[in-house]
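Here is the structure we will look at.
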Amino acid sequence: MQTIVCMKWGTRYPADYVNRLWSMVKRNTQRPTRLVCFTDDTSGISEEVAVHPLPPITLPERVMWLPWRKLSMWQAPLADLDGDVLYLDLDVVVTGGLDVFFDYRPGQFCAAENWTQPGSRIGNTSIYRWHVGRHSEIFDRFNADPEAVLRDYRIEQQYISALVDDMEFWPSDWCVSFKHTLLPKWPMNFFKVPPLPEGTRVVAFTGKPDPDEAEIGAWPVNAPWKRLYKHVRPTPWITKHWR
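When we follow the UniProt record's numbering, the leftmost residue of the sequence shown carries the number 1, and every step to the right adds one.
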């Protein structure tokens, strides 16, 4: 049984995002696979998804709802998980087979090379695989003194990458960023639809827009002048895959 994990906390993503992820997982796996969701609100989540409470972690209030919470995945034991487990952010779109993520470099921590820091040995944790119980010092060190870690690292994936010296990156065509890989550069983003390259298996939507926004060509901005360059055309392949 392959295990894929996601996390849902706060109010940004509704239960529909979990259910769509489960639907995508089922369509893109050939082996027996389950989805486990760690969450603070189980309402609306499909009964086919295994749910657990958010794992405990010591978090200062200012980062309580930020991705630092994902470090709780590195503690052991962790619910009923064991072996190699694949983590997917809720805001990814699965566009190809996922079984290969369990076959690649078994036992090692694997992640996408961060698209904005190529060559810097920084893994992006939108999609990663880890072996439960290995590198538990990632959780233990943070949980013991979160302020010390927060002083040294801007985001959690930089911290993880610094502690894991045998990190492996997924093949670059498997995992892409919607915003940093696929979105045409300004001003062509006003005229061209973001393409979906052949061989892509997971598209990560870091920051904005989210999949439901990019699907219809909406990019929410907090300042009107940003509309001069923050734009995305309606993207039909999201409708095809994100369901």
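Glycine included, each C-beta is placed from N, C-alpha and C at the ideal position.
Legend entry - Burial state of A204, where buried means 16 or more other Cβ atoms lie within 10 Å: buried
Inset, instruction - Can you tell me the Cβ-Cβ gap for V132 and G83, rounded? I've got them flagged as a contact below 8 Å. - result: 6 Å
Legend entry - Segment contact, 8 Å Cβ cut-off, at least three pairs: the segment 109-121 with the segment 30-40: no
Inset, instruction - Compute the Euclidean distance between the alpha carbons of M167 and E137, then round it to the nearest angstrom. - result: One C-alpha to the other measures close to 15 Å.
Inset, instruction - Provide the residue span of the alpha helix (DSSP H) that contains L86, from first to last. - result: Element bounds for L86: not the alpha helix (DSSP H) but the beta strand (DSSP E), D84 to L88.
Inset, instruction - Reducing DSSP to helix, strand and coil, say where M64 ends up. - result: coil
Inset, instruction - Indicate the three-state DSSP secondary structure (helix, strand or coil) for P53 in the structure shown. - result: strand
Legend entry - Nearest to I45 (by Cα), restricted to the options R154, M7 and R31: The shortest C-alpha separation from I45 is found at M7.
Inset, instruction - With a cut-off of 8 Å on the beta carbons, I'd call V94 and V202 a contact; round off their distance for me. - result: V94 to V202, Cβ: 6 Å. Contact.
Inset, instruction - For D89, I'd like the list of residues in its chain whose CB is within less than 6 Å of its CB, leaving aside the five on either flank, ordered along the chain. - result: S126
Inset, instruction - Provide the residue span of the beta strand (DSSP E) that contains M7, from first to last. - result: Q2 to K8
Inset, instruction - List the residues that DSSP assigns as beta-bridge partners of A111. - result: Y128 and F169
Legend entry - Cβ pair count under 8 Å reaching 3, the segment 61-77 against the segment 138-151: yes
Inset, instruction - Provide the residue(s) that pair with residue 244 in DSSP beta bridges, ordered along the chain. - result: Because the chain spans 1 through 243 in this model, residue 244 falls outside it and cannot be assessed.
Legend entry - Selection from G97, P56, H180 and W170 that minimises the alpha carbon distance to residue 314: With the chain running from 1 to 243 in the structure shown, residue 314 is simply not present.
Inset, instruction - Taking the CB atoms as reference points, tell me whether V63 and L150 lie closer together than 8 Å. - result: yes
Legend entry - Span of the beta strand (DSSP E), counted from its first residue to its last, around T116: Taken as a continuous stretch (DSSP letters only), T116 belongs to no beta strand (DSSP E), as it is neither H nor E.
Inset, instruction - Look at the alpha carbon of K192 and the alpha carbon of T235, and state the distance between them as a whole number of angstroms. - result: 10 Å
Inset, instruction - Could you pull out every residue in the same chain whose Cβ sits closer than 6 Å to the Cβ of W174, ignoring the five residues on either side in sequence? - result: For W174, where only same-chain residues beyond five positions count, the Cβ hits under 6 Å are R201.
Legend entry - Identity of the residues DSSP links to L81 by a beta bridge: According to DSSP, which records beta bridges pairwise, L81 is partnered with nothing at all.
Inset, instruction - Would you kindly work out how many angstroms separate the C-alpha atoms of E61 and P55, rounded to a whole number? - result: 16 Å
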